[in-house]
Amino acid sequence: MDPYQANVELGFSSDERNYQFTADILKPIGATIIRLMTNNPEKISDLQQVGIDAVERIPIETSPQKENQGYLKIKKISFIIIYQYKKRAKDDNF
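Numbering (full-length UniProt numbering), first residue to last: 1 to 94.
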């Protein structure tokens, strides 16, 4: 069972993260406008809801490995994650 299915099966939403703690740390130091390194575009709107304005999404590039290909596919499909992969000589059909 993947993380998305597990959360739904347990009666939770697909993503239970709460960004209020992030805002509580950033606001006192005046960091209410940020550049965000993420592959999850939903984090931008989640942060906006707690008063943090992500003005730019900086993608995190990765090279999938055999050990994490299944996990990355699930995240891409279930959580609408945008992955930018580094070019590899052998892509292993990913």
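Ideal Cβ placement from N, Cα and C applies to all residues, glycine included.
Quiz item: So, helix, strand or coil for A54, using DSSP?
Solution: Here the question's residue 54 lines up with position 54 in the sequence shown. Note: A54 maps to strand in three-state DSSP.
Practice problem: Assign L36 to one of three DSSP states: helix, strand, or coil. | Solution: Numbered from 1 along the sequence shown, position 36 holds the residue referred to as residue 36. L36: strand per DSSP, three-state reduction.
Quiz item: For T22 versus V55, is the C-beta spacing smaller than 8 Å?
Solution: Residue numbering aside, residue 22 sits at position 22 when the sequence shown is read from its first letter. Residue numbering aside, residue 55 sits at position 55 when the sequence shown is read from its first letter. No.
Self-check item: Three-state class that DSSP yields for E9 in the structure shown
Solution: In the sequence shown, the residue the question calls residue 9 occupies position 9. The answer is helix: DSSP assigns E9 an H, G or I state.
Quiz prompt | Per-residue burial, N68 [other beta carbons within 10 Å of its own, 16 or more giving buried] | solution = Taking the sequence shown and counting its residues from 1, one reaches residue 68 at position 68. Flag for N68 reads exposed.
Self-check item: For E42 and E16, the rounded distance between their alpha carbons
Solution: Taking the first residue of the sequence shown as 1, we reach residue 16 at position 16. Taking the first residue of the sequence shown as 1, we reach residue 42 at position 42. Going from the Cα of E16 to the Cα of E42 covers about 12 Å.
Exercise. Note down the Cα distance separating P59 from P28, rounded to an integer number of angstroms.
Key: In the sequence shown, residue 59 corresponds to position 59, counting from 1. In the sequence shown, residue 28 corresponds to position 28, counting from 1. Approximately 26 Å between the Cα atoms of the pair.
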